[in-house]
Every structure is written in C-alpha cells, then in structure tokens.
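Visitor: Quick note on our numbering: the sequence shown kicks off at 14 and runs consecutively.
Cβ coordinates follow ideal geometry from the N, Cα and C atoms, glycine included.
Okay, handing you the structure first.
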Amino acid sequence: MYGNAYIDPNSKLGKILEGEDMEKLEAFEERIVKGDKIEPSDWMPKEYRKQLIRMIEQHAHSEVIGALPEGTWITRAPGFRRKLALMAKVQDEMGHAQLLYSAAETLGKSREAMINDLLSGKSKYSNVFNYPAKTWADTAVIAWLIDAGAIVNQVANAKGSYGPYCRALDRICAEESFHLKYGHDNVVFLATGTKTQREMVQEALNRWWQPIMHFFGPSDKASEHTSILMKWKVKMASNDDMRNQFFNMYIPKIWDLGLTIPDPAFRKNEETGKWEYTEPDWEEFKRVINGDGPCNKERLGVRRWAEEHGAWVRRALNTPESKYVMPLA
Ligand code: BYC
C-alpha cells in the first residue's frame, strides 16, 4: 500500500518503489508537499537519490563540455573587450561544474567516478554542446539563447526539493544572467550591423534552432523521468512547459531584432497560449545524446587529453610528500 492506494509491484511506480520503507516514504513525501528542503543526511528513497545523481551529474558534465564550443573562440574573439568577456564566461562555466559536482557528491558518488563515467561515454551531457561553433555569431547565439534556456530551467528547479542542488542553482543563475546579457549584446551588435553581420547571425540561429528545441528534452509524452521528478519536486516544470516558457520570453526578442525562426509552422496559438511548431528530429536528438553527434568524439577527446595531462597535478596534490614534478614536453 502507498497512502491508501494499492500499487501493482509490476507497474513502473511499483518497480521504482520496490523495497522502500512505506512509512518513511510517506513522511518524506509529506515534507516534499510542505516545501521542505531535503538535506544530504535526511532519509530519502533510493530512486530519489539515483535520479538526483543522474541529473546533477549530467548537468555538471554539460558545464564542462559546454565550455568547449565557445572556448575555441577565445583566441579569435573580435577585440580585447569581447575576448575578456568570453574568457570570464568560459571560466564561470567550469566553476558551475565544480559547484554541481560538489552537490552530486553529497549523494554518495565520488567526483572521480563521475569524471570516469563522462570520459567513458557512460554519462550523458547536454545535446547542444555536440555541435560546432562555426562562426563568431554561433558563440553569440549560444551565450544568449542557450544560456537563456538554461536560466528558464534553473530558476524553476532552484525552487525544488534537494537543498544542495537548489543552492548551487541559485549561485549559477546569478552568473548565467550576466552571460545572457553578454550574449544578447553580442547578438544585438551583429543583428543591427552590416548586411554580412546580419546574415551571419541569422545563419547561426538557423544552425542552432534544432539543438535549442532539443535542449529542453523530449516532449512530455516521451519523457521518461518527468513524472517521478515532478512528484518529488526535482523538476518544477515539464520539458514542454519549459520549452513554451522559453518561447514566451525570447521569441518576441528574436523577432524584434528582425531575425526569423527557421520553421514556417512556428506560431503562437493565442487560444491555448502554446506555441506550435514542426517537431524537431527526435531521432537526431537520440543519436547525438548517445554519442553520435557532429562533435561528440572531439569534445570527449579534449577532456580525455586534459585528464591525462593533468594527472600529475592531482597526484602531486594527493601526495604532497612525494617528489612529483611537472613532466617536461
Ligand atoms: N541533452 O526523461 P527525460 C549550460 C536525456 S549547461 C542530453 O525528459 P529528464 C551551459 C535524459 O538525460 C546546463 N540528454 O529526462 C554551459 C534521459 O536520458 P537518461 C544544461 C538529454 O532528466 C556552458 C532521456 O533523454 N542544463 O547551460 O527528466 C555554456 C529522457 O529524457 C537532454 C541542465 O543540465 C538533453 N538536452 O529531463 C553555455 C539542466 N534532454 O539519463 C551554457 C538539468 C533529455 O535516462 N537537467 N536528455 O539516459 C534537466 O533539467 C533535465 O535533465 C532535462 C531532461 C530537462 C535536460
């Protein structure tokens, strides 16, 4: 029994809750309903722990890998002011990963295990970072619209139930809002510039449109984890609701700049308040998140290189009495 309801042990929920102490589970869920924050030493169902590790770890990896597409432009940024701002942004993203790895560690998975799972391809990270930033305008679109999408997601989930994740998200959102301003300034500059600059930013938006649609996750009917995550207030809105909220906030701003959305079916249905669009290619989404996107190999290759070449630093830090020195060459 679960509350007053019988749960079929063969149902999805039955399997998720198998072996749980029902009294403790009910007390936990009462706390969730009240809006309490759950802290690392509190009792929690096994599935709650597992889901949080999965989601926070993927988020941390997304920040690490997410630094790469824009990072490749630091040496080519147009001007010193843009270069400084981009360097600061990329550094912030790596800092976000540190906060998130620390939050995930409170649930019992070590940072080393998380990094190993990223490098072996076992863990996922956000689809969007497996596409190349072909021109400077791509970095502007990433910094404006991907960061905007991330803020929509994170501002909502910062009000969720797991204390360490929510606190990390609060800090991350404060910095992301600067990224968004930097990205918006960049896009405005290009969209109000010469014909070539306007074309460049429109082409970048065309390239990034589908990855941005994918960014919020599969549609609600296809989303595997949303129902349990919303029940336990890890996710505070469904994938489709987050996507719709993003459209409400950013489509008018995109149109104001004279840019167009590369989807002739894209429009707001004023009766339902929902945006209508051509479904993005979900088969491509699956391929990309499972390792077969345009840049997956390159992205993980960079991280493997960093892991290998930074190993001596970790050894030296972990064994201060030893005589490790930086290898030459
Ligand atoms: N990419 O049941 P669903 C940033 C997977 S970085 C890849 O709906 P869920 C930035 C999902 O993992 C911030 N995989 O999942 C950094 C699941 O597979 P598994 C990135 C995706 O968890 C640098 C399967 O599809 N933000 O802003 O309920 C520079 C079924 O999906 C994606 C976060 O990480 C995806 N887009 O909902 C600039 C936010 N979507 O694990 C910017 C935290 C779905 O069963 N994460 N999948 O193998 C979340 O909020 C949720 O995990 C999602 C997905 C909304 C993304």
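Relative to ligand 1, is the shortest distance from any of its heavy atoms to the C-beta of Ser139 smaller than 7 angstroms?
Guide: Checking every heavy atom of ligand 1 against the Cβ of Ser139, one is found closer than 7 angstroms.
Visitor: Note down the Cα distance separating Gln104 from Glu39, rounded to an integer number of angstroms.
Guide: If I take the Cα positions, the gap works out to 42 angstroms.
Visitor: Put Asn309 into one of helix, strand or coil per three-state DSSP.
Guide: Correct three-state label for Asn309: helix.
Visitor: When the Cα of Gly314 is compared with those of Pro333, Leu132, Asp183, which residue comes out closest?
Guide: Comparing Cα positions, the closest option is Leu132.
Visitor: Please report the residue range of the alpha helix (DSSP H) in which Glu70 lies.
Guide: Residues 59 to 84.
Visitor: Return the chain-ordered list of same chain residues with a C-beta closer than 6 angstroms to the C-beta of Phe1, the five sequence neighbours on each side being excluded.
Guide: Any question about residue 1 goes unanswered here, given that the chain covers just 14 to 342.
Visitor: Distance, Cα to Cα, Gly27 vs Ala171?
Guide: Whole-angstrom Cα-Cα distance: 28 angstroms.
Visitor: Whose C-beta lies closer than 7 angstroms to the C-beta of Ser139 among residues of the same chain, with five residues either side of it excluded?
Guide: Contacts found: Ser75, Gly79, Phe228.
Visitor: Output yes or no for whether 8 angstroms exceeds the beta carbon distance between Leu81 and Phe142.
Guide: The answer is yes: Cβ separation under 8 angstroms.
Visitor: Does the beta-carbon of Phe93 have 16 or more other beta-carbons within 10 angstroms, so that it is buried, or is it exposed?
Guide: Result: exposed.
Visitor: For Thr85, tell me which candidate among Gly32, Lys47, Tyr144 has the shortest Cα-Cα distance.
Guide: Nearest C-alpha to Thr85: Tyr144.
Visitor: Compute the Euclidean distance between the alpha carbons of Pro91 and Asn23, then round it to the nearest angstrom.
Guide: Their backbone Cα atoms lie some 59 angstroms apart in a straight line.
Visitor: Say whether the segment 153 to 165 touches the segment 179 to 197, bearing in mind that this needs 3 or more beta-carbon pairs closer than 8 angstroms, one atom from each stretch.
Guide: The segment 153 to 165 is in contact with the segment 179 to 197.
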